[in-house]
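All residue numbers for the sequence shown refer to this note's numbering, where the first residue is 723 and numbers rise by one. We put the CB at the ideal spot given by N, CA and C, even for glycine. Notes follow once the structure below has been shown.
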Amino acid sequence: MTHAPAPTRVEPPPGAASTPALPASTRADAAARPRRRRPGRLRDGLLFLAFVGPNVLLLAVFTYKPLLESFYYSTLQWNIGSSIAREVGLANYVAWFQDPQTPTVIRVTLIFTGVTVVGSMALGLGVAVLLNRRIRLRGPVRTIIVAPYVLSGVAVGFLWLYVFDPNFGLVSAGLQLIGLPSPDWYSDPAAALAMVTTVQVWRDLGYCALIYLAGLQAVPKDLLDAAALDGAGRIRTFLRVVLPLLSPTTFFLSVTTLLSSLQTFDLISAMTKGGPLQGTTTMMYQIFHEGFVAGRAGYSSAVATILFLVLLVVTLVQLVVVQRKVHYS
């Protein structure tokens, strides 16, 4: 008679803990039971809301809400002080494009913005190169150069009114010393635009110099030493080594100075009030004049919306096209 072999018991390896098998129903209940959230994650989420929440609330109240209201007001024919507002659709936009003064406003805006951006960045780079060297009183010199940027535009405008005064101003006196006639800064539209643009370049110069100086100090010294060992002069080293490494700084300044120039209002209001003959009226100043002087809130909101779209398109073009030529390493 043949007996069946007894089952062989498999012993666990030494040191291994034996885990009893759970029933299938118990395993299913454990899988279906929701896991408890860790207290640390909840605390981190509350801290995130505590820090970000007030900022989002302030942006919503003081930025996004007025922006949406401006879009809505641009479709109304509404004058400040009047309780009657009539919906006119896109009539305010059509009226701005058909306004005979619009080409002058666009031309002034382009000239003012272009000269300000290029001039302040070019001069700021030159000043930063000089300040990057070891000179005496470098700290006070930096403070003096940056000071105009932190001053109020109205204060800067009133200060330069005396500098450009045709009778006793420093600019007129300097031109007379070298035998040149002094322009009538407050009657000639071209001279007034040159005056305002020069002051804006002087105002933004310190900001650009400060940012460029930070970029110059971040250039690795070993690259400069390697270029010197290869026999490259200072000019060639600057053009081939330093300038490409400053491309992120240049890109950043091109965006910030462009936005700042397009939104300049206080300086023009203090110096020329958009005149003479609208020779210094930019789109930003036109928004103020139409809204708070002429009282045409709907028309002013339409111009503000157009300027917002221009800023948005220009910024996107810079981010997509110009950033491709930026070297971050």
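- An exposed status is given to asparagine 777, since fewer than 16 other beta-carbon atoms sit within 10 Å of its beta-carbon.
- As DSSP reads the structure, tryptophan 800 sits in a beta bridge with Ala807.
- In the three-state scheme derived from DSSP, where H, G and I count as helix and E and B as strand, arginine 855 is classed as coil.
- The residue from Val1043, Gly836 and Leu769 with its alpha-carbon nearest to that of alanine 916 is Gly836.
- For isoleucine 833 and aspartate 821, the gap between their C-alpha atoms comes out near 20 Å.
- The region 979-997 makes no contact with the region 893-905: fewer than 3 CB pairs, one atom from each, lie closer than 8 Å.
- The bridge partners DSSP lists for arginine 1018 are Asn801.
- For valine 885, the closest of Tyr908, Ile900 and Val863 by C-alpha to C-alpha distance is Tyr908.
- Rounded to the nearest whole angstrom, the C-alpha separation of valine 868 and leucine 932 is 7 Å.
- In the DSSP assignment, serine 909 falls outside any alpha helix (DSSP H) and carries neither an H nor an E.
- In terms of CA proximity to leucine 968, Leu847 leads the group Leu1041, Leu847, Ser796 and Leu780.
- A direct Cα-Cα distance of roughly 8 Å separates serine 976 from valine 840.
- For the pair isoleucine 990 and threonine 978, the Cα-to-Cα distance works out to about 19 Å.
- Burial state of glycine 775 is exposed, judged by a 10 Å Cβ sphere holding fewer than 16 other Cβ atoms.
- Three or more beta-carbon pairs separated by less than 8 Å are not found between the region 854-862 and the region 1025-1032, which leaves the two stretches without contact.
- Straight-line measurement puts the Cα of glycine 1013 at about 23 Å from the Cα of proline 911.
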